[in-house]
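Heads up, the thing below is written out as structure tokens.
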Amino acid sequence: KAGVTQTPRYLIKTRGQQVTLSCSPISGHRSVSWYQQTPGQGLQFLFEYFSETQRNKGNFPGRFSGRQFSNSRSEMNVSTLELGDSALYLCASGGEGGETQYFGPGTRLLVL
Amino acid sequence: SQQGEEDPQALSIQEGENATMNCSYKTSINNLQWYRQNSGRGLVHLILIRSNEREKHSGRLRVTLDTSKKSSSLLITASRAADTASYFCALRPNFGNEKLTFGTGTRLTIIP
Chain B
1 KAGVTQTPRY LIKTRGQQVT LSCSPISGHR SVSWYQQTPG QGLQFLFEYF SETQRNKGNF
61 PGRFSGRQFS NSRSEMNVST LELGDSALYL CASGGEGGET QYFGPGTRLL VL
Chain Z
1001 SQQGEEDPQA LSIQEGENAT MNCSYKTSIN NLQWYRQNSG RGLVHLILIR SNEREKHSGR
1061 LRVTLDTSKK SSSLLITASR AADTASYFCA LRPNFGNEKL TFGTGTRLTI IP
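So the sequences go chain by chain: B and Z.
Last residue of the first sequence: 112 in my numbering, with the numbers rising by one and none dropped.
Last residue of the second sequence: 1112 in my numbering, with the numbers rising by one and none dropped.
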């Protein structure tokens, strides 16, 4: 099976802009989770979707949003970008039990 | 906080030696998982140990879990240069659909 794919892999934006990141889970996986990773804060959970429903949400401001489509693909959106949003954004998918997370390569976002 | 705390934060050893890293946590868990991350890339699942298990092996990896002390350790035997990476423990709490929460990570460097 193909692994988790994320697009784009690299992105440069300026403050105030918005960005949309995409994640395609492993075929058959219905759970998709998003994480933000920064040197200072480590790996922080953003949200989790299962069958198009948000099942869990982390402690991020409303500028961070996401959605999942019927084919399990997921997108996350960050509006009004701030310098502190520069990070590696990781997507992970899980199978029926969802216990193990399979990660994509990440999208590295740089906000200038 | 449900986050795991890892110790040490960084570890450097000679190739061929064994590496041990520890994870302590505060919540009641369903399972605990270990992941590896090569520099700036996605995480790779290594091993999952359930709360009713005490030890698990996978190749050169040995994981122990002590739920009474709320701690786990990951042992990598006969280390190789390719083991250089960051290692994270991740906790799945023992209630509801709670999210998988990652620890702070241990940066392991294997010196050839």
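Think of the CB as a built atom: it goes at the ideal place given N, C-alpha and C, for glycine as much as any other residue.
Count the other C-beta atoms from every protein chain shown that fall within 10 angstroms of the C-beta of residue 37 of chain B, then say buried if there are 16 or more, exposed otherwise. By the neighbour-count criterion, in which a residue is buried when 16 or more other Cβ atoms sit within 10 angstroms of its Cβ, residue 37 of chain B is buried.
Under the assumption that residue 1048 of chain Z contacts residue 1088 of chain Z (Cβ atoms under 8 Å), give the Cβ distance between them as a whole number of angstroms. Actually they do not touch by this definition, with Cβ atoms about 13 Å apart.
Quick check on the DSSP output: the beta strand (DSSP E) that includes residue 83 of chain B runs from which residue to which? Counting along the chain, residue 83 of chain B falls outside any beta strand (DSSP E), and DSSP gives it neither H nor E.
According to DSSP, what are the bridge partners of residue 57 of chain B? DSSP, once it has assigned bridges, lists B:47 as partnering residue 57 of chain B.
Going along the stretch 1012-1033 of chain Z in order, which residues come within less than 9 Å of chain B, judged by CB to CB distance? Within the stretch 1012-1033 of chain Z, the residues whose Cβ lies closer than 9 Å to some Cβ of chain B are 1030, 1031 and 1033, listed in chain order.
Per DSSP, residue 1005 of chain Z forms a beta bridge with which residues? DSSP lists Z:1024 as the bridge partner or partners of residue 1005 of chain Z.
Going along the chain, which residues of the stretch 42-58 of chain B sit with their C-beta nearer than 7 Å to a C-beta in chain Z? Flagged, chain order: 42, 43, 45, 48, 55 and 56.
Interface partners of residue 90 of chain B on chain Z, CB under 8 Å: Listed by position along chain Z, the residues whose Cβ is nearer than 8 Å to that of residue 90 of chain B are 1042 and 1043.
Measuring CB to CB, does residue 104 of chain B end up less than 7 Å from residue 20 of chain B? Taking 7 Å as the Cβ cut-off, residue 104 of chain B and residue 20 of chain B do not qualify as a contacting pair.
Quick check: residue 94 of chain B and residue 101 of chain B, are their CB atoms within less than 7 Å of each other? Contact flag set, yes.
Beta carbon of residue 50 of chain B, beta carbon of residue 30 of chain B: below 7 Å? In contact: residue 50 of chain B and residue 30 of chain B (Cβ atoms closer than 7 Å).
Taking C-beta to C-beta, are residue 1092 of chain Z and residue 1031 of chain Z nearer than 7 Å? With respect to the 7 Å criterion, residue 1092 of chain Z and residue 1031 of chain Z are classified as neighbours on the basis of their beta carbons.
At least one CB of chain Z closer than 7 Å to the CB of residue 100 of chain B: is that the case? A Cβ of chain Z is located within less than 7 Å of the beta carbon of residue 100 of chain B.
According to the Cβ coordinates, are residue 1025 of chain Z and residue 1004 of chain Z closer than 7 Å? It is a contact, given that the beta carbons lie within the stated cut-off.
If you run the structure through DSSP and keep just helix, strand and coil, what is residue 1090 of chain Z? Look at residue 1090 of chain Z here: in three-state DSSP terms it is strand.
Kindly identify the DSSP beta-bridge partner or partners of residue 4 of chain B. DSSP output for residue 4 of chain B lists no bridge partner at all.
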